[in-house]
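There are 2 protein chains.
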Amino acid sequence: MMRGHLDGLVLAVLTAGPAHGYGLIEALRERSDGFFDLPEGSVYPALHRLERAGLVASGWSEAGGRRRRVYSLTTTGRRAAQERQSEWRSFSAAVERVFGAPSRPASQTGAVTS
Amino acid sequence: MMRGHLDGLVLAVLTAGPAHGYGLIEALRERSDGFFDLPEGSVYPALHRLERAGLVASGWSEAGGRRRRVYSLTTTGRRAAQERQSEWRSFSAAVERVFGAPSRPASQTGAVTS
DNA sequence: AGCCTAAGCCTAGACTGTCTAGGTATGAGT
DNA sequence: ACTCATACCTAGACAGTCTAGGCTTAGGCT
Chain A
651 MMRGHLDGLV LAVLTAGPAH GYGLIEALRE RSDGFFDLPE GSVYPALHRL ERAGLVASGW
711 SEAGGRRRRV YSLTTTGRRA AQERQSEWRS FSAAVERVFG APSRPASQTG AVTS
Chain B
651 MMRGHLDGLV LAVLTAGPAH GYGLIEALRE RSDGFFDLPE GSVYPALHRL ERAGLVASGW
711 SEAGGRRRRV YSLTTTGRRA AQERQSEWRS FSAAVERVFG APSRPASQTG AVTS
């Protein structure tokens, strides 16, 4: 489950250069050491969503008799990629703070002390 | 937006001791240094979901004339809390790998090289 | 020829989790 | 009387992901 972070990851991959949907899935799998093995039904809609939002642009190309729709970042997409990344960092840091926070006295959270 | 990580965070807070819904929201806000300021409409349903799943148990208590529903971890909930945390770590690590991955040659991702 | 797999694209609908936006009630302070 | 903080709740909207299909071409195998 990608839980809303898919867009940022797709944009991150595209930062390194244009890619088509199928290759993007492979790139995500390889970059994550196999952790992200996303179904096409997740990635294609995400790409369409990003294109509708103007963050990526697409064009058709041909390779080995197979047609590919190749996506690349727009200018706003490149900016969005950086934003998503820094949003991730602060989100991730906040989660870590919650996980790593020290125990607090039970009285602060309404625990039953009797 | 909590993007599916809310359960893990709630369980993490409850690991430190029982809490009621409203106090849990405050605890999440404080632990995250203000980053997580969750609406009640997110947290209460999450608690009910966790209770239905048997990960937390609740009971009513009274404090200052106000009734509180206090939640605490069950045994399976305590185990789930650890699982969620380690799931988070591997998820987070995978995301970091994607963000931090070096650029690869365009040919690997179907880029238009012409 | 027939079959299977990999490479490539797509989408409708189900599902799930979060948030919006409302509601109720008590106690304390002005 | 009024407002604010505390404390609970839920229906329905919304958004993102996944399931489960569909389509096509190329290439390998029998």
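Here the protein sequences come in this chain order: A and B.
All you need for the working numbering is the position in the first sequence, starting with 1, plus 650.
All you need for the working numbering is the position in the second sequence, starting with 1, plus 650.
Beta carbons are placed, not taken as given, at the ideal position from N, Cα and C, and that holds for glycine.
Note that the structure is predicted; figures quoted are calculated from it, not measured.
The beta carbon of S736 (chain A) sits no closer than 8 Å to any beta carbon of chain B. Taking T724 (chain B) as the centre and dropping the five residues before and after it, the same chain places the C-beta of G704, L705, V706 and A707 closer than 7 Å to its C-beta, in chain order. Check the Cα spacing between E701 (chain B) and each of B:R747, B:R739, B:G750 and B:S722: the tightest is with B:S722. Counting along the chain, L659 (chain A) sits inside no beta strand (DSSP E); it lies in the alpha helix (DSSP H) bounded by residues L656 to T665. A Cβ-Cβ distance of about 19 Å is found for the pair H670 (chain A) and R728 (chain A), leaving them out of contact under the 8 Å criterion.
By the criterion of at least three beta-carbon pairs nearer than 8 Å, the segment 677-688 of chain A is not in contact with the segment 677-691 of chain B.
Residue state for S682 (chain A) is assigned as coil, using DSSP reduced to three classes.
With respect to A696 (chain B), V660 (chain B) sits close: the two C-beta atoms are nearer than 8 Å. Approximately 7 Å separates the beta-carbon atoms of M652 (chain A) and L688 (chain A); this is inside 8 Å, confirming the contact.
L723 (chain B): member of the beta strand (DSSP E) spanning R716 to L723, first to last residue.
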